[in-house]
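> Let me begin by handing over the structure; questions about it come next.
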Amino acid sequence: MEKEFASTLLENAVNEFAKLPGIGRKTALRLVLHLLRQEERVAVGFGEAIIKLRREIKYCNSCHNISEQEECPICANPARDHSIICVVENVKDVMSIENTAQHRGVYHVLGGLISPMDGVGPQDIEIDSLVKRVADGGVKEVILALSATMEGDTTNFYIYRKLAPTGVKVSVLARGVSVGNEIEYTDEITLGRSIQNRTLFSDSFNNSL
61 MEKEFASTLL ENAVNEFAKL PGIGRKTALR LVLHLLRQEE RVAVGFGEAI
111 IKLRREIKYC NSCHNISEQE ECPICANPAR DHSIICVVEN VKDVMSIENT
161 AQHRGVYHVL GGLISPMDGV GPQDIEIDSL VKRVADGGVK EVILALSATM
211 EGDTTNFYIY RKLAPTGVKV SVLARGVSVG NEIEYTDEIT LGRSIQNRTL
261 FSDSFNNSL
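Numbering (our numbering), first residue to last: 61 to 269.
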């Protein structure tokens, strides 16, 4: 049975916080009470930052990474190697790989993985835009940096088949990333070595047969 609150305002705030992933009602209540104990400017600043983020954040026209402009800072950086595209599931994975300082190319954020069980098909994520980027020319290599899960492997294989007609080199992270692991939870050293020691996807596929 859910606890009843003396204040509707308090209850509404707790309900909103509890909608966040990994936040239960007890934690939500603790966070709300913490904000109430702060000076008003702190709570107002917190709220305004969230509203400004939601209203003004954009997604890069090229790679779909979050950005404040039409093109993200990575894609806009002429020092990056635009001939190498690292394909990741989400924005958190971009941050994880950037922290390794081992990838000097650009990215392509899929926004998910193929998962028939969850009703997510190839048309629901940014695969067609990746194929178009490669088909437009100038790309030498596509690195598939997806989680070593069934959904990640399914998505890897689908992308590999879609890119095969272009003749572009398709590589995959070395299996220093354990099977079943998600990229965002992999330590930076292991992830960095996996990028450095990446292999051709066709080799990894043939070895699994």
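Each residue gets a CB set at the ideal place from its N, CA and C atoms; glycine is no exception.
Taking the straight line between their C-alpha atoms, what separation do you get for residue 135 and residue 66?
Translated into the one-based positions of the sequence shown, residue 135 becomes position 75. Translated into the one-based positions of the sequence shown, residue 66 becomes position 6. Going by the C-alpha atoms only, they are around 51 Å apart.
> Could you spell out where the alpha helix (DSSP H) holding residue 102 opens and where it closes?
The residue given as residue 102 occupies position 42 in the sequence shown. From DSSP, the alpha helix (DSSP H) with residue 102 extends over 100 to 116.
> My parser needs the beta strand (DSSP E) runs of 3 or more residues fully inside the segment 145 to 210; what are they?
165 to 169, 201 to 204
> Give me, in chain order, the residues of the same chain whose beta-carbon lies closer than 8 Å to that of residue 218; leave out the 5 immediate sequence neighbours on both sides.
By 1-based counting over the sequence shown, the position of residue 218 is 158. Around residue 218: 174, 182, 187.
> Assuming residue 206 contacts residue 147 (C-beta within less than 8 Å), just tell me the rounded distance between them.
By 1-based counting over the sequence shown, the position of residue 206 is 146. By 1-based counting over the sequence shown, the position of residue 147 is 87. 7 Å between Cβ atoms; contact.
> Select from 212, 112, 140 the residue whose C-alpha is nearest the C-alpha of residue 171.
Numbered from 1 along the sequence shown, position 111 holds the residue referred to as residue 171. Of the candidates 212, 112, 140, the one whose C-alpha sits nearest the C-alpha of residue 171 is 212.
> Under three-state DSSP, which class holds residue 230?
As a working mapping, residue 230 is identified with position 170 in the sequence shown. Strand.
> Less than 8 Å between the C-beta atoms of residue 142 and residue 255, yes or no?
On the sequence shown, position 82 is the one that residue 142 refers to. On the sequence shown, position 195 is the one that residue 255 refers to. Contact flag unset, no.
> Using 8 Å for Cβ pairs, my map puts residue 122 next to residue 131. What's the rounded Cβ distance?
Within the sequence shown, numbered from 1, the residue matching residue 122 stands at position 62. Within the sequence shown, numbered from 1, the residue matching residue 131 stands at position 71. Confirmed, Cβ separation roughly 6 Å.
> Quick test of your reading: residue 165 and residue 193, contact by CB under 8 Å. State the CB separation rounded to the nearest angstrom.
Locating residue 165 in the sequence shown gives position 105, where the first residue counts as 1. Locating residue 193 in the sequence shown gives position 133, where the first residue counts as 1. The pair is not a contact, with the Cβ atoms about 12 Å apart (cut-off 8 Å).
> Nearer than 7 Å: is that true of the beta carbon of residue 223 relative to any heavy atom of the ligand ZN?
In the structure on display, the ligand ZN does not appear, and there are no ligands present to speak of.
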